[in-house]
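Asks: In terms of the UniProt record's numbering, the sequence shown opens at residue 1 and continues consecutively.
Backbone N, C-alpha and C define an ideal beta-carbon position, used for all residues, glycine too.
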Amino acid sequence: PRHGDNRPSKVVVTNRSKPRLEEMQRIHRQLDYGVACEYHHCPTFEENDRVLATIRPSSLVMNATGLGKDRPGSPITDDGPFPEKGLAWDFNYRGDLKFLHQANAQQESRNLTVEDGWIYFVHGWSQVIAEVFHIEIGPEKIEELSCIAAEVR
Numbered sequence: 001p002r003h004g005d006n007r008p009s010k011v012v013v014t015n016r017s018k019p020r021l022e023e024m025q026r027i028h029r030q031l032d033y034g035v036a037c038e039y040h041h042c043p044t045f046e047e048n049d050r051v052l053a054t055i056r057p058s059s060l061v062m063n064a065t066g067l068g069k070d071r072p073g074s075p076i077t078d079d080g081p082f083p084e085k086g087l088a089w090d091f092n093y094r095g096d097l098k099f100l101h102q103a104n105a106q107q108e109s110r111n112l113t114v115e116d117g118w119i120y121f122v123h124g125w126s127q128v129i130a131e132v133f134h135i136e137i138g139p140e141k142i143e144e145l146s147c148i149a150a151e152v153r
């Protein structure tokens, strides 16, 4: 494999929509990464909590739903247990960021590492700007842009 052994042992996906899950499963089969995948239809937040409770310690949990950005909320309830020594990553960079707040609330008790999607948003757009305008944007400038943008976040 392209990344050697640096791959997850399993990918677990939840979604409110069965058709979206089926499409994702089709794409994963077509790509054939050689990584086991589980797909869970979870139309309620509580069902996401139940799946989350089965995740192994040190696992990565991502919110890529748009909840907390496009619409208020989070895909889990406040009782959703993040994995011990896990990594919680909220892709959202604006909105109420409830998932991010839930992860931060469990950071100490679950020994979580919490990643805010904000820095990735700023970094991604700075790379687009650099490419479009043919300019170099180094780490110091990215940090400066992030600070300026954070004032209106």
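State buried or exposed for Asp32, treating a residue as buried only when at least 16 other CB atoms are found within 10 Å of its CB.
Replies: Here residue 32 refers to the residue found at position 32 when the sequence shown is read from its first residue. The residue in question, Asp32, is exposed, as its Cβ has fewer than 16 Cβ neighbours within 10 Å.
Asks: Using a Cβ-Cβ cutoff of less than 7 Å, which residues in the same chain neighbour Val122 once the five nearest sequence positions on both sides are dropped?
Replies: Taking the sequence shown and counting its residues from 1, the one referred to as residue 122 is at position 122. So the qualifying residues of the chain are Ile142, Leu145, Ser146, Ala149.
Asks: Can you give me the C-alpha to C-alpha distance between Pro57 and Glu84, rounded to a whole angstrom?
Replies: Here residue 57 is taken as the residue at index 57 of the sequence shown, counted from 1. Here residue 84 is taken as the residue at index 84 of the sequence shown, counted from 1. One C-alpha to the other measures close to 5 Å.
Asks: What is the DSSP secondary structure of Lys10, counted as helix, strand or coil?
Replies: By one-based count along the sequence shown, residue 10 stands at place 10. Of the three classes helix, strand and coil, the one that applies to Lys10 here is strand, per DSSP.
Asks: For Asn48, does the three-state DSSP call read helix, strand or coil?
Replies: To locate residue 48, count along the sequence shown from 1; it is residue 48. Asn48: helix per DSSP, three-state reduction.
Asks: In chain order, what residues of the same chain have a beta carbon less than 6 Å from the beta carbon of Leu87, not counting five sequence neighbours either side?
Replies: In the sequence shown, the residue the question calls residue 87 occupies position 87. These residues qualify, in order along the chain: Leu60, Thr113.
Asks: Considering Tyr120, what are the terminal residues of the alpha helix (DSSP H) in which it resides?
Replies: Residue numbering aside, residue 120 sits at position 120 when the sequence shown is read from its first letter. Start and end: 118-133.
Asks: Could you check which residue in Thr54, Phe82, Asn15, Ile55 has the C-alpha nearest to that of Thr44?
Replies: Here residue 44 refers to the residue found at position 44 of the sequence shown. Looking at the Cα atoms, Asn15 is the closest of the given residues.
Asks: How about Leu100 and Gly80: are their beta carbons less than 7 Å apart?
Replies: Taking the first residue of the sequence shown as position 1, residue 100 is located at position 100. Taking the first residue of the sequence shown as position 1, residue 80 is located at position 80. Result no, Cβ atoms of Leu100 and Gly80 do not sit closer than 7 Å.
Asks: Which same chain residues, not among the five before or five after Val11, have their C-beta less than 7 Å away from its C-beta?
Replies: One-based indexing of the sequence shown puts residue 11 at position 11. So the list reads Val35, Cys37, once near-sequence residues are dropped.
Asks: Does Ala36 come out as helix, strand or coil in the three-state DSSP assignment?
Replies: Walking along the sequence shown from the start, residue 36 turns up at place 36. Three-state result, Ala36: strand.
Asks: Thinking Met24 and Tyr39 are a contact (beta carbons under 8 Å), I'd like their distance in whole angstroms, please.
Replies: One-based indexing of the sequence shown puts residue 24 at position 24. One-based indexing of the sequence shown puts residue 39 at position 39. 7 Å between Cβ atoms; contact.
Asks: Identify the continuous alpha helix (DSSP H) that holds Ala149 and give its terminal residues.
Replies: The residue you call residue 149 lines up with position 149 of the sequence shown. Start and end: 139-150.
Asks: Which residue comes first and which comes last in the alpha helix (DSSP H) that contains Ala105?
Replies: Reading the sequence shown from its first residue, position 105 is the one you call residue 105. Ala105 -> alpha helix (DSSP H) spans 98-110.
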